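Data first, discussion second: the structure below is written as structure tokens.
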Amino acid sequence: RIKRRIYSNHDEARADVFQYIEMFYNPKRRHSSNDGLSPVEFEKRYALNG
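Quick note on numbering: the sequence shown equals residues 1259 to 1308 in our numbering.
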């Protein structure tokens, strides 16, 4: 993702990477230590059962 873009400054790059992680990667990525759940789904279930 960042190899294809030229950022004006460090803050712009940081914001783009943060948006990618929070808006795309975490909601979709599955992880074996979370019983195959995405981090977002794991947090939702934890909050409901907490």
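Heads up, the beta-carbon is just placed ideally off N, CA and C, and yes, glycines get one too. Please read all numbers here as calculations on a predicted model, not as lab measurements.
Alpha-carbon spacing of residue i relative to residue j, whole angstroms
i: Val1275; j: Ser1290; result: 24 Å
i: Glu1280; j: Asp1293; result: 20 Å
i: Gln1277; j: Lys1302; result: 20 Å
i: Tyr1265; j: Gly1308; result: 41 Å
i: Arg1272; j: Arg1287; result: 20 Å
i: Asn1267; j: Lys1261; result: 15 Å
i: Ala1305; j: Phe1282; result: 21 Å
Residues of its chain near residue i, where Cβ-Cβ distance is below 6 Å and the 5 sequence neighbours each way are ignored
i: Pro1297; result: Asn1284
i: Arg1263; result: none
Check: residue i C-beta below 7 Å from any heavy atom of the ligand FMN
i: Arg1262; result: Only the bare structure without any ligand can be found here, which leaves the ligand FMN out of the picture.
Proximity test, Cβ basis, 8 Å: residue i and chain D
i: Arg1303; result: The chain labelled as chain D is not found in the depicted structure, where only one protein chain is given.
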